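Colleague:
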Amino acid sequence: MTGALTLICLVFYIGFRPQIDRNYGGFTSGFRWMFWFVPLWIVAMLPAADRLANSRLGMAVALALLTISVLSVSYPTWNPWSQPWIYHWLQWWGWQGV
Numbered sequence: 000m001t002g003a004l005t006l007i008c009l010v011f012y013i014g015f016r017p018q019i020d021r022n023y024g025g026f027t028s029g030f031r032w033m034f035w036f037v038p039l040w041i042v043a044m045l046p047a048a049d050r051l052a053n054s055r056l057g058m059a060v061a062l063a064l065l066t067i068s069v070l071s072v073s074y075p076t077w078n079p080w081s082q083p084w085i086y087h088w089l090q091w092w093g094w095q096g097v
């Protein structure tokens with residue numbers, strides 16, 4: 000159900016709203032109209048986290064993902080009015096669309 004709701008919301012805002020009306024949230028690190036899904040995603044993630052906890056490789060993958068998440072969250076603490084880290088990373092790689 001969480002996956003279906005996520006897909007419906009994403010398709011609605013990206014597919015059926017005009018570009019000017021999408022309002023991605025300025026300097027936020029994601030689509031502001033998707034943030035309310037975070038608690039649902041966390042609950043849906045629990046069975047996958049339990050499966051990862053059964054092996055050393057799974058725990059290493061979970062730790063790597065957690066590390067990336069913590070670094071991503073702490074990136075704007077140096078300057079809260081900056082673009083998200085992925086924006087700077089894409090610019091560094093020369094993506095002209097950014």
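Just so it is clear: in the sequence shown, position 36 is 35 by numbering that gives the first Met the number 0, and no numbers are missing.
Just so you know, even glycine gets a beta-carbon here, dropped at the ideal spot from N, CA and C.
Computed from a predicted structure; not experimentally measured.
#1: Please determine, among 75, 44, 76, 74, the residue with the shortest C-alpha to C-alpha distance to residue 61.
#2: Output yes or no for whether 8 angstroms exceeds the beta carbon distance between residue 40 and residue 1.
#3: In whole angstroms, what separates the C-alpha of residue 68 from that of residue 17?
#4: In chain order, what residues of the same chain lie with their CB nearer than 7 angstroms to the CB of residue 10, ignoring the 5 residues before and after it?
#5: By the three-class DSSP mapping on this structure, what secondary structure does residue 45 have?
#6: Do the CB positions of residue 51 and residue 58 come within less than 8 angstroms of each other?
#7: If we call anything under 8 angstroms between Cβ atoms a contact, is residue 12 one with residue 36?
Modeller: Checking against the coordinates, here is how it stands:
#1: 44
#2: yes
#3: 31 angstroms
#4: none
#5: helix
#6: yes
#7: no
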